[in-house]
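What follows is a short report on a single structure.
Next comes the structure, spelled out in structure tokens:
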């Protein structure tokens, strides 16, 4: 079994358990390949998450830099000790803005002997986190003019900037912007993307306004310009032979499907030749391989994939290769017998 995206409590404030404990769980559960991808540091105090902040912002930023350096050293020690799992060391990009995207490129260049790849992710829109809580998600939406269409465009345009600059081997939780989309109480004008908040539809024109939850499954195709930029991003990933993760943490966090949801995933099938990898995005021992059973059902019955890709080190770890495993081989893996 595989995961191309993971974290630990050693190196992120919202993680639990040590990196060593997580790798031990990976061994116990019989993973074939597991990628260590702690977050890169951020450069600006305004981009720190609430849990990372103290009264000394300069020290907070310094602490993140020191943590990242420790991760580079720690991951190499673990990699040398582990022989029964293919551990691949990378990092997750904080594509907050153009400055951080450039910083990610510099980090990959500076540490290319250690960091074999990056997971290209976007967690912010207009410098506001979209994955921390619903209040901040709403703040990010407001920064896009309380317009869901523009909010999506802002997110996918920033993603495109990240893709062009970094060409990440793996693209992380492609449609993370869905995470805190409210299930009720928010309405959208399908003609413009403008949002409104109301307990009922009585004061809205039913011809153009609808509940966001009603359009959520087909969110990407509601507006042609949004769908166009998503297709552009996916086609670009395919042009440099990148991979898009099916990230089971979406299910863990209460979404009905993993990232990406089927509207995006079907576009990946069409415009990127189904170049999917599998990730658990674990932040603790308990999250290693979490929701993989449901994710397998999604892969087999919803997306109807014949197999998925995974990363493999070649030339004594000097390079990465992309390999493919059929769904039959995946289902026969001993991982499922012990989980």
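Numbering (this note's numbering), first residue to last: 1 to 339. Even glycine gets a Cβ: it sits at the ideal position worked out from N, Cα and C. Bear in mind the structure is a predicted one, so any value in this text is a computation, not a measurement.
Next on the checklist: Quick check on the burial criterion: 16 or more other C-beta atoms within 10 angstroms. Buried or exposed for residue 353?
Outcome noted: The shown model of the chain, from 1 to 339, leaves out residue 353, and the question about it has no answer.
Checklist entry - Are three or more beta carbon pairs between the stretch 250-267 and the stretch 164-176 nearer than 8 Å? => result Yes: the two stretches touch, three or more of their Cβ pairs being nearer than 8 Å.
Item to check | Inter-residue Cα distance where the pair is residue 34 and residue 280 | outcome: Whole-angstrom Cα-Cα distance: 10 Å.
Next on the checklist: In chain order, what are the residue ranges of uninterrupted beta strand (DSSP E) at least 3 long that sit wholly in the stretch 253-299?
Outcome noted: Here the runs fully enclosed are 276-279.
Next on the checklist: One question on the structure: do residue 245 and residue 170 come within less than 9 Å of each other, judged by their Cβ atoms?
Outcome noted: In this structure, residue 245 places its C-beta atom within 9 Å of the C-beta atom of residue 170.
Item to check | Assigned secondary structure, residue 213 (DSSP; H/G/I helix, E/B strand, else coil) | outcome: In this structure, residue 213 counts as helix in the three-state DSSP scheme.
Next on the checklist: Residues in the same chain with beta-carbon distance under 7 Å from residue 162, minus the five sequence neighbours each way, listed in chain order, please.
Outcome noted: Excluding positions up to five away in sequence, the list reads 93, 95, 101, 120, 122.
Item to check | Pairwise C-alpha distance: residue 332 and residue 30 | outcome: Cα to Cα, the separation comes out at about 13 Å.
Next on the checklist: Quick check on DSSP: helix, strand or coil for residue 325?
Outcome noted: The answer is strand: DSSP assigns residue 325 an E or B state.
Checklist entry - To the nearest angstrom, how far is it from the Cα of residue 67 to the Cα of residue 74? => result Our two residues, residue 67 and residue 74, have alpha carbons roughly 10 Å apart in a direct line.
Checklist entry - What's the gap between the Cα of residue 65 and the Cα of residue 210? => result Near 45 Å, if we compare the C-alpha coordinates of residue 210 and residue 65.
Checklist entry - Based on Cα-Cα distance, which residue from 184, 98, 226, 181 lies nearest to residue 192? => result Shortest Cα-Cα distance from residue 192 to any of 184, 98, 226, 181 involves 226.
Checklist entry - Taking C-beta to C-beta, are residue 241 and residue 215 nearer than 9 Å? => result Cβ atoms of residue 241 and residue 215: not closer than 9 Å.
Item to check | Of the residues 208, 156, 277, 310, the one placed nearest residue 231, counting alpha carbons only | outcome: Ranking 208, 156, 277, 310 by CA distance to the CA of residue 231 puts 156 first.
Checklist entry - From which residue to which residue does the alpha helix (DSSP H) around residue 237 run? => result From DSSP, the alpha helix (DSSP H) with residue 237 extends over 224-239.
Checklist entry - Just to confirm, are residue 133 and residue 195 a CB contact at a threshold of 9 Å? => result No, the pair does not count as a contact, with Cβ atoms beyond the cut-off.
Next on the checklist: Let me check one thing: in DSSP terms, what residues is residue 35 bridge-paired to?
Outcome noted: Partner(s): 88.
Item to check | Rounded C-alpha distance that separates residue 149 from residue 223 | outcome: If you draw a straight line from the Cα of residue 149 to the Cα of residue 223, it comes to about 7 Å.
Item to check | C-alpha distance - residue 327 paired with residue 164, whole-angstrom precision | outcome: CA-CA distance, residue 327 to residue 164, rounds to 31 Å.
Next on the checklist: Whole angstroms are fine: how far does the CA of residue 90 sit from the CA of residue 296?
Outcome noted: The straight-line gap separating the alpha-carbon atoms of residue 296 and residue 90 is approximately 25 Å.
Checklist entry - Alpha carbon to alpha carbon, what distance is there between residue 198 and residue 115? => result Cα to Cα, residue 115 sits roughly 48 Å from residue 198.
Checklist entry - Taking C-beta to C-beta, are residue 336 and residue 266 nearer than 9 Å? => result Not in contact: residue 336 and residue 266 (Cβ atoms no closer than 9 Å).
Checklist entry - For residue 219, which option in 291, 334, 186, 263 has the closest C-alpha, if you only look at C-alpha atoms? => result When 291, 334, 186, 263 are compared, the shortest CA-CA separation from residue 219 is found for 263.
Checklist entry - How would you call residue 55, buried or exposed, if buried means at least 16 neighbouring beta carbons within 10 angstroms? => result With a threshold of 16 other beta carbon atoms within 10 Å, residue 55 falls short and is exposed.
Next on the checklist: For residue 321, tell me which candidate among 88, 43, 9, 84 has the shortest Cα-Cα distance.
Outcome noted: Out of 88, 43, 9, 84, 88 has the C-alpha closest to the C-alpha of residue 321.
Checklist entry - For residue 17, is the classification buried or exposed, using 16 other Cβ atoms within 10 angstroms of its Cβ as the cut-off for buried? => result It counts as buried.
Item to check | Continuous alpha helix (DSSP H) stretch holding residue 180: start and end | outcome: Unbroken run through residue 180: none, as it is neither H nor E.
Item to check | Start and end residues, alpha helix (DSSP H) containing residue 108 | outcome: Element bounds for residue 108: 98-110.
Checklist entry - Which residue from 181, 61, 243 puts its Cα closest to that of residue 136? => result Nearest Cα to residue 136 within the set 181, 61, 243: 181.
Item to check | Nearest-angstrom Cβ-Cβ length linking residue 10 and residue 78, presumed shorter than 8 Å | outcome: That pair is no contact at about 11 Å.
Checklist entry - Do you know how far the Cα of residue 298 is from the Cα of residue 255? => result Take the alpha-carbon of residue 255 and the one of residue 298: they are about 13 Å apart.
Checklist entry - Do you know how far the Cα of residue 125 is from the Cα of residue 274? => result Cα-Cα distance, rounded: 27 Å.
Item to check | Three-state secondary structure (DSSP) of residue 66 | outcome: Note: residue 66 maps to helix in three-state DSSP.
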